[in-house]
Amino acid sequence: MKHGKTPTVAQKILIAGYKHRSKNLNPDNWMVVKNLPDELVIKNRNSNSIIHIAIDRKRCPYKGN
1 MKHGKTPTVA QKILIAGYKH RSKNLNPDNW MVVKNLPDEL VIKNRNSNSI
51 IHIAIDRKRC PYKGN
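Just so you know, UniProt numbering puts 9 at position 9 of the sequence shown, and the rest follows in order with no gaps.
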């Protein structure tokens, strides 16, 4: 089982703007599992489901590493 960390403010903005099944995600319900240069992997605190969010560095204010 992968353990996650609480997302930073910039990561919360990215998570909140991501549409999953036509709904925006609540950043308080998600933990960051991996922070890759082109991808953010998050895990739900309750259901343990994992989502891969692709990051476009040119359009996104979040700089990551």
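A virtual CB, placed ideally from N, CA and C, is assigned to each residue, including glycine.
Under DSSP, HIS20 forms a beta bridge with LYS23. Going by beta carbons, PRO27 and ALA16 fall inside the 8 Å limit. When only Cα atoms are considered, HIS20 and ASP56 end up about 17 Å apart. The beta carbon of ILE50 sits closer than 6 Å to those of LYS43, all from its chain and outside the five residues before and after it, given in chain order. Here the alpha carbon of LEU40 sits roughly 18 Å from the alpha carbon of LYS23.
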